[in-house]
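Per the working numbering, the very first residue in the sequence shown carries number 101; after that it's consecutive.
Take a look at the structure set out below.
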Amino acid sequence: MENIKILGIETSCDETAIAIVEGKLITGKPKLTILSNIISSQIDLHAKYGGVVPEVASRAHMENIVPAMKAALKSHELKARSSKLLALSQIDAIAVTCGPGLIGSLLVGVNFAKALAYATAKPIIPINHLEGHIYANFVGEKSKVKSQKSKIEFPVLCLIVSGGHTSLVLMKKHLKYQVVGETWDDAAGEAFDKVGKLLELPYPGGPNIEKVAKSGNPKSFKFPRALMGKNNFNFSFSGLKTAVLYEIRNISKLKAPATAFASAGRQGLKLKADIAASFQEAVIDVLVEKTMSAARKYQVKTIMLAGGVAANQNLKDRLRAQSSGFGVNFAVPPAKLCTDNAAMIAATGYFYGLKNDFTPWQKINADANLKLK
Ligand code: KG4
Ligand code: ZN
């Protein structure tokens, strides 16, 4: 199937997301257009707990999924000037995230997709959340930097950096993945979120650390860069998080960091910015060094970034500059497609659809630990 519309469903963590993506082959090349992209965020619900509470997340998915579906059809309906029923009848296949993720959250999306496939007799495609992040690179605008090569040519090396994962994935062709490195403990996004808490920043830590770090000096604190220069492509961020904790305790001479900044006025703000900037620099140094050494080893033609942390401007700029120096293409999705969304799931579905690779709904299951292969 070459020209198809895919409905994507994503509920692996704390975003209830439904999207419709149209895929076409134009002179042999896939062109993907987003017809609707609804994300019902639960950030406000979880912010008061400082992180995602699985039980709260799955209940919120239950409440949000039907309204999200209606909104996705509505926005398609407006664009296609058709009725809601027509909008649904124009969908050719359903793509749904089956894992990895929180099991209670995954089950909501997976069972919704199965019921929909049964009721409408449409084919269904199970998608790994991580391949979804990778395929966000095949939708939407490409690099606007003129000097930058922005084509995607295989072999591709993709650095996936999200709240749950940090992996380097080698792809010699579409839909074939070889994980060449991953984190031994915390994911990069998880480290951002934990350090965000230590710095008393709102959840999620990543975007807030990035904001605060802008006015900080990244050289003020020398935080550890674990496994750098080692002969592997793995990562470790838990020591870095602990180093930040000790530094805060040391500075404040307090057992708990909670009041270290609040009571210190302007000086406290400067300190916060310097710690944020130095922490961010340590994470990015490791991510960039490991990615470039893997790119050299596997002689790739394209370096790609994916996942929520890929929204970080410093990370994008550093990896883009290094890729350019190395003479390879660089790709990163627009920021709104880096964090969890269903357009990336529908986009991945299109590539399976091209191969007529569908699965009977009876065989689809949620798997919290689904591996990329
Ligand atoms: O991909 P994602 O939306 O969800 C998972 O699959 O985990 O990633 C969320 C993660 C969070 O840890 C968040 O703090 C981080 O991405 N993040 C960022 C930025 N925006 C989101 N980290 C650093 N800089 C950002 N601008
Ligand atoms: Zn994700």
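Quick reminder that beta carbons are idealized off the backbone N, C-alpha and C, glycines included.
The structure displayed is predicted, hence computed values, not measured ones.
Using a 10 angstroms sphere on the CB of D293, the tally of other CB atoms reaches 16 or more, which defines it as buried. Annotation: the continuous alpha helix (DSSP H) that includes K294 extends over A288 to L298. Distance check between A160 and each of V121, E122 and D114 places D114 closest, using alpha-carbon atoms only. With contacts defined as CB atoms closer than 7 Å, S205 and S158 qualify as a contacting pair.
Within the region 165 to 189, the runs of alpha helix (DSSP H) at least 4 residues long that lie entirely inside it are, in chain order, 184 to 189.
Beyond the five residues adjoining it in sequence on each side, D286 comes within less than 6 Å, by CB distance, of F337 and S338 in the same chain, given in chain order.
The set of residues whose C-beta lies within less than 5 Å of a heavy atom of the ligand ZN reads, in chain order, S262 and D440. At a cut-off of 6 Å, the beta-carbon of P304 counts as near the ligand KG4: some heavy atom of the ligand is closer than that. Every beta strand (DSSP E) of 3 residues or more that sits fully in the region 212 to 276 is shown, in chain order, as 224 to 228, 256 to 261 and 266 to 271. Taking 6 Å as the cut-off, one finds no heavy atom of the ligand KG4 near enough to the beta carbon of F337.
Within a 10 Å sphere around the beta-carbon of N412 sit 16 or more other beta-carbons, which makes this residue buried. One thing to note: L419 has its Cβ no nearer than 7 Å to the Cβ of Y277.
Our two residues, A442 and P433, have alpha carbons roughly 14 Å apart in a direct line.
Within 6 Å of the C-beta of D293 there is at least one heavy atom belonging to the ligand KG4.
Proximity of the region 202 to 221 to the region 143 to 159 meets the contact definition, three or more beta-carbon pairs being nearer than 8 Å. In the DSSP assignment, M328 forms no beta bridge with any residue.
Listed in chain order, the beta strand (DSSP E) runs fully inside the region 382 to 459 are 402 to 406 and 429 to 431, counting runs of at least 3 residues.
In terms of Cβ geometry, S136 and A172 form a close pair [threshold 7 Å].
Taking N103 as reference, the option from A382, N211, I260 and D192 with the minimal CA-CA separation is D192. Where P130 is concerned, the enclosing beta strand (DSSP E) starts and stops at K129 to S141.
A Cβ-Cβ contact shorter than 7 Å links G408 with G289. Relative to the ligand KG4, the beta carbon of A411 is positioned inside 6 Å of a heavy atom. When C-beta atoms of the region 118 to 126 are compared with those of the region 143 to 150, fewer than three pairs fall below 8 Å, so the two segments do not count as touching. The way I'd put it, the region 302 to 311 doesn't touch the region 321 to 330; fewer than three beta-carbon pairs between them come closer than 8 Å. DSSP places A195 within a strand segment (E or B) once states are collapsed to three. Less than 7 Å divides the Cβ of V121 from the Cβ of A447. Residue Q462 holds the alpha-carbon nearest to the alpha-carbon of A219 among N469, L369, V279 and Q462. Sequence-distant partners of F335 (beyond 5 residues in either direction) whose C-beta falls short of 6 Å from its own C-beta, in its chain, are T266 and T283.
Burial state of N456 is exposed, judged by a 10 Å Cβ sphere holding fewer than 16 other Cβ atoms. Note: I104 is bridge-paired with G123 in the DSSP secondary-structure output. The residues D374 and A377, in chain order, have a CB closer than 7 Å to that of N317 in the same chain once the five nearest residues on each side in sequence are set aside. I375 carries a helical assignment under DSSP once its states are collapsed to helix, strand and coil. Secondary structure note for G305: it is in no beta strand (DSSP E), and the uninterrupted alpha helix (DSSP H) holding it is G305 to A313. F335 is bridged by DSSP to T283. No Cβ-Cβ contact shorter than 7 Å links L340 with A406. When secondary structure is reduced to three states using DSSP, A157 falls in the helix class.
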